[in-house]
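Protein chains: 2
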Amino acid sequence: MTMKLTILGCHSATPRENKHTTSQLLEVKGNMFLIDCGEGTQIQLRKSKVKFSRIQHIFISHLHGDHFYGLIGLISTFRLLGRTAPLTIYGPEGIKEIITLQLKLAKSWTDYPLHFRELSSSESEFLYEDEVVSVHTLPLDHRVYTNGFLFTTKSSKRKINTEAIKGLDLKPYHFKLLQEGSEILLEDGKIFENSQLTLAPDPPIKYAFCSDTAFNESLVPLIKGVDLLYHEATFLEQHQKLADQTKHSTAKEAATIAKKANVKQLLLGHYSNRYSDKNEFIEEASEVFKSVVLAEDLKSFSI
Amino acid sequence: MTMKLTILGCHSATPRENKHTTSQLLEVKGNMFLIDCGEGTQIQLRKSKVKFSRIQHIFISHLHGDHFYGLIGLISTFRLLGRTAPLTIYGPEGIKEIITLQLKLAKSWTDYPLHFRELSSSESEFLYEDEVVSVHTLPLDHRVYTNGFLFTTKSSKRKINTEAIKGLDLKPYHFKLLQEGSEILLEDGKIFENSQLTLAPDPPIKYAFCSDTAFNESLVPLIKGVDLLYHEATFLEQHQKLADQTKHSTAKEAATIAKKANVKQLLLGHYSNRYSDKNEFIEEASEVFKSVVLAEDLKSFSI
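Residue numbers (numbering that gives the first Met the number 0), protein chains in the order written: chain A, 0 to 302; chain B, 0 to 302.
Quick look at the structure:
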């Protein structure tokens, strides 16, 4: 199993012609999760050619405009497209009032069930799970209440050891029991321990989205060893003061978190518009942590 | 004096890659007025290369998303750009609550004065005037409370008749008096009636924005003889039923209003996405009213 992450927008502050504000689409075995929804996200979704009507869960990190001003438009577009499937929005307290006030004044209630899970805890909490993935919050440190999100695939079933089962007369239900971790009893009376005939399942895949946040070491234990960490890097170290004042991170700080958490790969984004050469972010981060990639609008990553 | 109208978006319902929802910029002698503000308007403003920080008045017709979902983003961008000049928003009751709720939850109050003039009258009312232009509402008939807007330039001063003043010893203050319509007394004692030495001023220029609305004859006396009428034409006559159900107009209905009001030119827009060939709108309207043009995103018109 892999996750596919598509960056819809990865720039901070204000949307421009070719610089879109934060939004990401995470696909896990056909499930689509939208993370943040800056202005114009619905146009980016159309450009990315995904069937975005399949999004059923939207996670909003915080209520700064560059992370959610496109949400009301997307909700309205789903209505105009005749959506019937339920949609759940996870975001800070207040998000329900913002959306429902606008729907009420437009006399345009959605024809599909629209649910809200409003967040206010400063501890990591469980948000969602299905058969393949679970989602938890990652409390961040920003000017307003903000969460990142951790997506973890469920441990898959144990894998049949094709070498070990050679010559055995296994029925279909035996395979099911083995994948579930049980021992089995064959028709000839022989008993096999599960470990004799199976291999350990693939480890879970983990994706952590962390934006916006100041340098925040309390994040480290929550994202330990994740396969991919998206960490904001609004500034370069030369603007450390600005980063501190605005509770954003530098590329170096993002890399420091990645190193401390021993993640497999670091994905940088949320660049300030003041920098024209994004390679400076790679260079600065690489001095601390070697596996760094840059987010780009409409670029996809396999996890 | 002329007005310059730039269409930022002229499509209905949902924004797409090359189809933006309603927004228009009207420039009158250096003053910039924004009319409606669909999602992504700030990007369209950047594309149009105008100095959009000079916008001081924004007129919102109604609270359907395709006419105002870009407003909160533009207000926020003005803040991020360091704006200090006041901004006034004219729009239906409720608009202030929508905007201020979002600013409050983002802890991002504007550093510039932000004023609201909330509208609820079903009669045409005066909104704004300065030295060159006045603005009045045009009550429309839509599914929610909606106004169009009428922009009228002030009558300019009377024009000096250069033929008639030949040989007269006029001082600068005589010119001022003549332009203001007064008679003058020369130093040699001669008195001239104003009409002897001046010509009538240019007539006022009028632009009427009417979107969204069902066919609405009560509009006719309010927009009589305007130089340019923008009238929505969401549908063609073949979808008359849909137009009636949704309280929109067909191209033919827009042309009928233009004809009854004896306007100089009709500008169509707010097209439904169902039509790929926009020339059908021209053809249908031209059968009723001959001077018809089509709105296109980022196209400008002189009035």
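We treat Cβ as the ideally placed atom computed from N, Cα and C, and that holds for glycine.
CA-to-CA, the gap between A:Asp226 and B:Thr76 works out to about 35 Å. An exposed status is given to B:Lys50, since fewer than 16 other beta-carbon atoms sit within 10 Å of its beta-carbon. Residues of the segment 33–57 of chain A with a Cβ closer than 8 Å to any Cβ of chain B, in chain order: Glu38, Gly39, Gln41, Ile42, Arg45 and Lys46. The C-alpha of B:Gly93 lies about 48 Å from the C-alpha of B:Ser181. Just measuring C-alpha positions, the residue of B:Phe150, B:Ala163, B:Lys298 and B:Lys156 sitting nearest B:Leu221 is B:Phe150.
Annotation: the continuous alpha helix (DSSP H) that includes B:Ser194 extends over Asn193 to Leu196. By the neighbour-count criterion, in which 16 or more other beta carbons inside 10 Å mark a residue as buried, B:Lys251 falls on the buried side. Interface annotation, A:His10: not in contact with chain B, CB-CB separation never under 8 Å. Within the DSSP secondary-structure output, B:Ser22 pairs in a beta bridge with B:Gly8. When C-beta distances to chain B are compared with 9 Å, the residues of the segment 106–136 of chain A below that value are Lys106 and Ser107, in chain order.
Taking 8 Å as the cut-off, the beta carbon of A:Thr136 is found closer than this to the beta carbon of A:Glu124. Only residues of its own chain outside the window of five on either side were considered, and among them Leu33 and Ile88 have a CB closer than 6 Å to the CB of B:Ile57, listed in chain order.
Between A:Ala294 and A:Ile59, the C-beta spacing is not below 8 Å.
Residues of chain A with a Cβ closer than 9 Å to the Cβ of B:Tyr229 do not exist, since the nearest Cβ in that chain sits about 22 Å away. Taken through DSSP and simplified to helix, strand or coil, A:Glu279 comes out as helix.
The beta-carbon of A:Gly81 is placed no less than 8 Å from the nearest beta-carbon of chain B. A direct Cα-to-Cα measurement between A:Ala213 and A:His247 gives close to 4 Å. Only those residues of the segment 14–27 of chain A whose C-beta falls short of 8 Å from the nearest C-beta of chain B are listed: Pro14, Arg15 and Glu16. By the rule that beta-carbons nearer than 8 Å mark a contact, B:Thr245 does not touch chain A. Beta-bridge pairing by DSSP links A:Thr249 to A:Phe234. The Cβ-Cβ distance between B:Ala253 and B:Glu286 does not fall below 8 Å. Taking a cut-off of 8 Å on C-beta distances, the segment 160–172 of chain A does not touch the segment 138–152 of chain A, as fewer than three cross pairs fall below it.
Where A:Ser299 is concerned, the enclosing beta strand (DSSP E) starts and stops at Ser299 to Ser301. In this structure, the beta-carbon distance from B:Glu216 to B:Glu283 does not fall below 8 Å. Within the segment 83–106 of chain B, Pro91, Glu92, Gly93, Ile94, Glu96, Ile97, Leu100, Gln101, Lys103, Leu104, Ala105 and Lys106 place their CB atoms closer than 9 Å to a CB of chain A, listed in sequence order. Taken in chain order, the unbroken stretches of alpha helix (DSSP H) that lie wholly in the segment 131–196 of chain B and span 4 residues or more are 171–178 and 193–196.
For B:Thr233, the nearest beta carbon of chain A is not closer than 8 Å to its own beta carbon. Along the segment 142–160 of chain B, going in chain order, the ones with a CB nearer than 7 Å to a CB of chain A are Arg142 and Val143.
Counting only residues of its own chain and dropping the five nearest sequence neighbours on each side, B:Val131 has a CB closer than 8 Å to the CB of Met0, Val27, Lys28, Asn30, Thr152 and Lys153. When Cβ-Cβ separations below 8 Å define contact, B:Tyr270 makes no contact with chain A. Not flagged as an interface residue toward chain A: B:Leu7, since no C-beta distance is shorter than 8 Å. B:Ser75 reaches chain A at Gly64, counting residues in chain order whose Cβ is nearer than 7 Å. Here A:Gly37 is buried. Its C-beta has 16 or more other C-beta atoms within 10 Å.
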